[in-house]
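Numbering (my numbering), first residue to last: 11 to 169.
This is the structure:
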């Protein structure tokens, strides 16, 4: 098994972020938000370094990262796609929309395309139930989706 080490630059960024919060374990959520903002996701190696800097167990950091849906341990694509599977979206065909995105991009839920352009995930509610089914690409909301709309939507981002 290969041991993956963080670059000195990444370690320095993590140390600086932790120090900006006084290296206090009570600031773990703020630290993780900042670190994820810099790196895009929280790898196991990043979590280990945060745990070390805040004098916490890696298990506790992992527990926090895995509990809160905002945090991700997987890289996101340049254009993250989130398909809503809340009740209104689900009953109006969100699963078929999700399948269409998956087929079009040739990725499963939680994966990123090999070129890093798109990632596919689900969420529980966007708060746009009147537009169900809904998906978000980055901050842009697409509503009243049907599977046949997906190739055109993806094409918007493939320029």
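Virtual Cβ for every residue (Gly too), placed ideally from N, Cα, C.
### Message
Comparing C-alpha positions only, which one of 121, 138 and 117 sits nearest to residue 51?
### Response
Locating residue 51 in the chain shown gives position 41, where the first residue counts as 1. Across the set 121, 138 and 117, the C-alpha of 121 shows the shortest separation from the C-alpha of residue 51.
### Task
Flag this pair as yes or no: are the beta carbons of residue 142 and residue 98 separated by less than 8 Å?
The sequence position of residue 142 within the chain shown is 132, counting from 1. The sequence position of residue 98 within the chain shown is 88, counting from 1. Between residue 142 and residue 98, the C-beta spacing is below 8 Å.
### Query
When we look at the beta-carbon of residue 135 and count the other beta-carbons within 10 Å, is it buried (16 or more) or exposed?
Position 125 of the chain shown, counted from the first residue, corresponds to residue 135. Exposed, since its Cβ has fewer than 16 Cβ neighbours within 10 Å.
### Task
Could you tell me the distance, in whole angstroms, from the CA atom of residue 88 to the CA atom of residue 127?
Numbered from its first residue, the chain shown carries residue 88 at position 78. Numbered from its first residue, the chain shown carries residue 127 at position 117. Computed Cα separation, rounded: 5 Å.
#### Entry: Short Cβ contact (8 Å threshold) for residue 35 with residue 83
For the purposes of this step, residue 35 is taken as residue 25 along the chain shown, with counting starting at 1. For the purposes of this step, residue 83 is taken as residue 73 along the chain shown, with counting starting at 1. Using a Cβ distance threshold of 8 Å, residue 35 and residue 83 do not count as a contacting pair.
#### Entry: Beta-carbon spacing of residue 138, residue 93 below 8 Å
One-based indexing of the chain shown puts residue 138 at position 128. One-based indexing of the chain shown puts residue 93 at position 83. Cβ distance not < 8 Å, so residue 138 and residue 93 don't count as in contact.
### Query
With DSSP run on the structure shown, which of helix, strand or coil describes residue 150?
Your numbering for residue 150 matches position 140 in the chain shown. DSSP places residue 150 in strand when its eight states are reduced to three.
### Query
How is residue 40 classed by DSSP in three states: helix, strand or coil?
If you number the chain shown from 1, residue 40 lands on position 30. Residue state, collapsed to three classes: helix.
### Between the CA atoms of residue 101 and residue 107 - distance to the nearest angstrom
In the chain shown, the residue the question calls residue 107 occupies position 97. In the chain shown, the residue the question calls residue 101 occupies position 91. Each residue's Cα considered, the two are about 12 Å apart.
### Message
Comparing C-alpha positions only, which one of 103, 55 and 114 sits nearest to residue 154?
### Response
Numbered from its first residue, the chain shown carries residue 154 at position 144. Considering only alpha carbons, the answer is 103.
### Beta-carbon separation (whole angstroms), residue 68 vs residue 56, contact threshold 8 Å
Position 58 of the chain shown, counting from 1, holds the residue named residue 68. Position 46 of the chain shown, counting from 1, holds the residue named residue 56. Not quite, the Cβ-Cβ distance comes to about 11 Å (not below 8 Å), so this is no contact.
#### Entry: For residue 163: DSSP bridge partner residues
The residue given as residue 163 occupies position 153 in the chain shown. Residue 163 pairs with nothing; no bridge assigned.
### Cβ neighbours of residue 74 in the same chain (closer than 8 Å, five flanking residues each side left out)
Within the chain shown, residue 74 is the residue found at index 64, counting from 1. Cβ neighbours of residue 74 beyond the five flanking positions: 38, 39, 42 and 81.
### Message
Just to confirm my understanding: we take residue 59, look at its own chain, exclude 5 residues before and 5 after, and list those with CB closer than 7 Å. What are they?
### Response
As a working note, residue 59 is residue 49 in the chain shown. Cβ within range, chain order: 16, 21 and 24.
### Buried or exposed by the 16-neighbour rule on C-beta atoms within 10 Å, applied to residue 91
The residue labelled residue 91 in the question sits at position 81 within the chain shown. Around the beta carbon of residue 91, 16 or more other beta carbons lie within 10 angstroms, which makes this residue buried.
### Query
So what's residue 80 in DSSP terms, helix, strand or just coil?
Here the question's residue 80 lines up with position 70 in the chain shown. Three-state DSSP puts residue 80 in coil, outside helix and strand.
### Neighbour-count burial assignment, residue 119, 16 or more Cβ in a 10 Å radius
Within the chain shown, residue 119 is the residue found at index 109, counting from 1. The residue in question, residue 119, is exposed, as its Cβ has fewer than 16 Cβ neighbours within 10 Å.
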